[in-house]
Every structure is written in C-alpha cells, then in structure tokens.
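One structure below.
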Amino acid sequence: YARGAFAEADPIRRLRLLANAFLKADGDPYEPPKIFKKALVDRLPDLPERYLAAAKTILDVSDRLALFRMLEGTAAALTVAGWLIARCEQLK
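In the numbering used here, the protein residues as written are 3 to 94.
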C-alpha cells in the first residue's frame, strides 16, 4: 500500500492508501514490536517513534478531511434551506 501511496498523484487517494498501509482496519496504528523485527530496530532505533508519528499525522489529517467534508455538507444543506425559505416567502 505504501508504495502505491507514494506514487499516487491525487492527495485524497494518497491519504487513503497511506491509512491502509500505516493503520489497522479499526484506525489504530499497528504495535511497533509486532511489525518491526528486532534486528531492524537495532539498526534504526528511532523507527518505532517515527512510525507512530507518521501514523498520528495520517490520523490527524484524516480527521481534518472528515471535518472539512462535514462543513461542505452543512454549507450545501444551508444553501438548499435558504432557497426553500425564500421560495416559501415568495408563495405567501
């Protein structure tokens, strides 16, 4: 997943692919001792911290994107509501 994410040009698809690569299905990060071999951590001791920081960033950006989409939906609903209210006022 991560290789595909790094090659992806669309930022929304890239975020989704990164989330699939860095996070479990429930949205939690994997436990570093379960995904990194001891020999790898011995050579790159800060790898677990870097992984967790990247996973947190992906979660934060995903949450911000979800909030943005909710705001877009709210703005669209308010536009329709404003149009309906104006139309009702015209019919009075």
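Beta carbons are placed, not taken as given, at the ideal position from N, Cα and C, and that holds for glycine.
In the structure shown, what three-state DSSP assignment does residue i receive?
{"i": "Pro13", "result": "helix"}
{"i": "Pro35", "result": "helix"}
{"i": "Leu46", "result": "coil"}
{"i": "Lys40", "result": "helix"}
{"i": "Tyr3", "result": "coil"}
{"i": "Lys94", "result": "coil"}
Measuring straight from C-alpha to C-alpha, what distance separates residue i and residue j?
{"i": "Ala78", "j": "Leu69", "result": "14 Å"}
{"i": "Pro31", "j": "Asp65", "result": "15 Å"}
{"i": "Ile37", "j": "Ala9", "result": "23 Å"}
{"i": "Val63", "j": "Val82", "result": "29 Å"}
{"i": "Asp28", "j": "Pro47", "result": "27 Å"}
{"i": "Pro50", "j": "Pro13", "result": "25 Å"}
Under 8 Å by Cβ, that's how I've got residue i and residue j pegged, so tell me the actual separation to the nearest angstrom.
{"i": "Ala7", "j": "Ala23", "result": "6 Å"}
{"i": "Tyr3", "j": "Leu19", "result": "5 Å"}
From this set, the options, which residue's C-alpha is nearest residue i's C-alpha?
{"i": "Arg15", "options": "Asp44, Arg52, Ile60 and Lys40", "result": "Ile60"}
{"i": "Ala55", "options": "Glu74, Ala21 and Leu86", "result": "Ala21"}
{"i": "Leu25", "options": "Leu67, Lys94, Arg45 and Tyr53", "result": "Tyr53"}
For residue i, which residues does DSSP report across the bridge?
{"i": "Leu25", "result": "Pro31"}
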